[in-house]
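Below is one structure; the comments refer to it alone.
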Amino acid sequence: MSVRSKWRAAGDAIDPLLVPRRRLYTGAMMPGIGLGTFGSDHVSHQAVADAVKDAAAVGYRHFDCASVYGNEAFVGRAFRELMESGLNREQFWVTSKVWNDMHGEGDVIASCEKSLADLQLKYLDMYLVHWPFPNHHPPGCDVSSRSGAAQPYIHENYMRTWREMERLADRGLARHIGTSNMTIPKLRLLLRDARIKPAINEMEMHPHFQQTEFFHFLLDHEIQPVAFSPIGSPGRPERDRTPEDTTPTEDPVIVAIARKHGVHPAEICIKWAVQRGQTPIPFSVKRMNYLGNLRAAVSDPLTDEEMNEIGRIDRNCRLIKGQVFLWRENQPWEDLWDVNGEITPR
Ligand SMILES: NC(=O)c1ccc[n+]([C@@H]2O[C@H](COP(=O)([O-])OP(=O)(O)OC[C@H]3O[C@@H](n4cnc5c(N)ncnc54)[C@H](OP(=O)(O)O)[C@@H]3O)[C@@H](O)[C@H]2O)c1
Numbered sequence: 074m075s076v077r078s079k080w081r082a083a084g085d086a087i088d089p090l091l092v093p094r095r096r097l098y099t100g101a102m103m104p105g106i107g108l109g110t111f112g113s114d115h116v117s118h119q120a121v122a123d124a125v126k127d128a129a130a131v132g133y134r135h136f137d138c139a140s141v142y143g144n145e146a147f148v149g150r151a152f153r154e155l156m157e158s159g160l161n162r163e164q165f166w167v168t169s170k171v172w173n174d175m176h177g178e179g180d181v182i183a184s185c186e187k188s189l190a191d192l193q194l195k196y197l198d199m200y201l202v203h204w205p206f207p208n209h210h211p212p213g214c215d216v217s218s219r220s221g222a223a224q225p226y227i228h229e230n231y232m233r234t235w236r237e238m239e240r241l242a243d244r245g246l247a248r249h250i251g252t253s254n255m256t257i258p259k260l261r262l263l264l265r266d267a268r269i270k271p272a273i274n275e276m277e278m279h280p281h282f283q284q285t286e287f288f289h290f291l292l293d294h295e296i297q298p299v300a301f302s303p304i305g306s307p308g309r310p311e312r313d314r315t316p317e318d319t320t321p322t323e324d325p326v327i328v329a330i331a332r333k334h335g336v337h338p339a340e341i342c343i344k345w346a347v348q349r350g351q352t353p354i355p356f357s358v359k360r361m362n363y364l365g366n367l368r369a370a371v372s373d374p375l376t377d378e379e380m381n382e383i384g385r386i387d388r389n390c391r392l393i394k395g396q397v398f399l400w401r402e403n404q405p406w407e408d409l410w411d412v413n414g415e416i417t418p419r
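Residues 74 to 419, numbered by my numbering, are exactly what the sequence shown covers, in order.
Encoded structure:
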């Protein structure tokens, strides 16, 4: 029996060929929904790895990883087992990210090589700069925690990191490179100076945080928008919660549409994302939920009226504010996001 013939999809799997794909400016096709792998400090690394393995069996072909999630070695064992059971490397898409403490020359490539070793892969499909700041903090720290060495965005420094990203792409360690948690003014500078332009930008996007201007900016520049926290991150760590936060899955419009379709409101968030044209990467370790999210991407589309209704419930409510990456005491978190259309100075 050939190795390939050992691969068995689950009986209720979604055919990966039915899942929408996004064309990157390079011509490569990226599966239009992925599985997130950040356990939000409370889901065990093994539980995430088990979900990755089973998600592949139900039809997922895109996995969003990062060194800072602390679980790449576990996820890597799941990838190895998948490949040993006959899934070809070319059949699935893996993203990873360089963490904020590895932006320096020499560090970016070393970090990518470490992720490759942990994930037991020869190449990544996508490698991202996780945040545009070199600011970091101890895992699980309080939101008021600030690193003494924290800095604002300094474009020359970001470009030094980006040159390393370009080098690792040249070496074939990653087939594409991209950005995450950027803003329009920061991306304008990167687009001006990059030799290899980012293929995606990963950013928070859900019905209560639609980022319409940024979304269109990305499409206009042939950069694919990838949506993290597409359900509104109900399991996010305590440090990422404030009293002003809203919950898209409790929005009456989402709840009413979910009732009509007979699905959980989370699945309406996923349908909206896929139909709008972004690539959601929902996290779940529950089979019913990750299978439901994948099914949402291929079944029973929302009507134009439902899409328009959801378009009208944007609350501009950013949930992942990034306070720990601020560089001054008593600084508003909005400074990280260039809300006035200019990069926030020191
Ligand atoms: N680039 C970045 O800076 C960045 C930042 C944040 C996140 N991310 C990536 O994006 C991924 C997803 O973001 P996220 O985890 O913050 O938020 P999310 O995907 O919006 O929400 C995940 C939560 O929703 C629940 N859920 C998922 N599907 C469901 C369903 N069908 N019905 C009911 N509940 C459901 C999950 O619980 P159960 O497990 O109980 O189903 C989990 O608690 C992360 O895992 C990570 O890979 C990237």
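The beta carbon of each residue, even a glycine, is placed where N, CA and C say it ideally should be. All values derive from a computational prediction rather than experimental measurement.
Quick one: does residue i have its CB under 8 Å from some CB of chain C?
| i | result |
| --- | --- |
| S217 | Protein chain content of the structure displayed is limited to a single chain, and chain C is not contained in it. |
Confirm the yes/no value for this check: CB of residue i, any heavy atom of ligand 1, distance under 7 Å.
| i | result |
| --- | --- |
| G245 | no |
| E340 | yes |
| D387 | no |
| V202 | no |
| F206 | no |
| G143 | no |
| V328 | no |
| N173 | no |
| F398 | no |
| F111 | yes |
Closest by CA to residue i, which one among the options?
| i | options | result |
| --- | --- | --- |
| N381 | E407, S169 and Q283 | Q283 |
| L155 | A242, A124, P307 and R94 | A124 |
| S220 | D318, P405, P211 and H228 | P211 |
| Q170 | G308, V141, N366 and N362 | Note that residue 170 corresponds to Lys in the displayed sequence, not to Gln. The option with the nearest alpha carbon to K170 is V141. |
| I325 | E186, P338 and H289 | In the sequence on display, residue 325 carries Pro and not Ile. Nearest C-alpha to P325: P338. |
| R236 | E402, S302 and D180 | D180 |
| I296 | R162, V347 and G251 | G251 |
| P321 | A369, K126, G384 and T376 | G384 |
| S113 | S357, W80 and T417 | S357 |
| I330 | L375, I416 and F301 | L375 |
| M232 | D198, P405, P271 and D191 | P271 |
| V121 | S188, T168, G143 and S217 | G143 |
| Q164 | L364, F287, P89 and I386 | P89 |
| R95 | D318, W406 and R349 | R349 |
| L424 | A139, G245 and H294 | Lying before the first or after the last residue shown, residue 424 is absent from the chain, which here runs from 74 to 419. |
| H281 | I273, E275 and A300 | A300 |
| R268 | M276, H289 and R240 | R240 |
| A242 | W204, C185 and Q119 | C185 |
| T168 | D377, G149 and V347 | G149 |
| I106 | N230, A129, E178 and V347 | V347 |
| R309 | D85, N173 and V116 | V116 |
Determine the burial state of residue i: buried for a count of at least 16 other Cβ atoms within 10 Å of its Cβ, exposed for fewer.
| i | result |
| --- | --- |
| R77 | Low local confidence applies: a pLDDT of 47 at R77 is under 50, so the model's placement there is unreliable, with the coordinate-based value given in what follows. Its Cβ having fewer than 16 others within 10 Å, R77 is exposed. |
| M74 | No answer about M74 holds up, because its pLDDT of 41 lies below 50 and its placement is not dependable. |
| M255 | buried |
| E379 | buried |
| D266 | exposed |
| T285 | exposed |
| H176 | buried |
| N413 | exposed |
| K394 | buried |
| P104 | buried |
| M361 | exposed |
| H335 | It should be pointed out that residue 335 corresponds to Gly in this sequence rather than to His. Per the 10 Å Cβ criterion, exposed. |
| E407 | exposed |
Assuming residue i and residue j form a contact by the criterion Cβ under 8 Å, report the distance between their Cβ atoms to the nearest whole angstrom.
| i | j | result |
| --- | --- | --- |
| F206 | F398 | 5 Å |
| V131 | L291 | That pair is no contact at about 29 Å. |
| Q224 | P298 | Q224 to P298, Cβ: 27 Å. No contact. |
| I304 | D137 | Not quite, the Cβ-Cβ distance comes to about 14 Å (not below 8 Å), so this is no contact. |
| Y196 | R134 | Contact doesn't hold; Cβ gap of about 16 Å is too wide. |
| I343 | A369 | 4 Å |
| L246 | L189 | 6 Å |
| V216 | R312 | 5 Å |
| G365 | E402 | The pair is not a contact, with the Cβ atoms about 44 Å apart (cut-off 8 Å). |
| S302 | L192 | Rounded, the Cβ-Cβ distance is 22 Å, inconsistent with contact. |
Ligand 3 heavy atoms versus the CB of residue i: any closer than 7 Å?
| i | result |
| --- | --- |
| F282 | In the structure on display, ligand 3 does not appear, and the ligands it does have are ligand 1. |
Runs of alpha helix (DSSP H) wholly within the stretch 268 to 293 (minimum 4 residues, chain order)
285 to 293
Only counting runs of 3 or more residues, tell me where the beta strand (DSSP E) segments fall wholly within the stretch 139 to 201, in order along the chain.
166 to 171
In chain order, what are the residue ranges of uninterrupted beta strand (DSSP E) at least 3 long that sit wholly in the stretch 93 to 129?
94 to 96 and 102 to 104
My parser needs the alpha helix (DSSP H) runs of 4 or more residues fully inside the stretch 290 to 376; what are they?
325 to 334, 338 to 349 and 360 to 371
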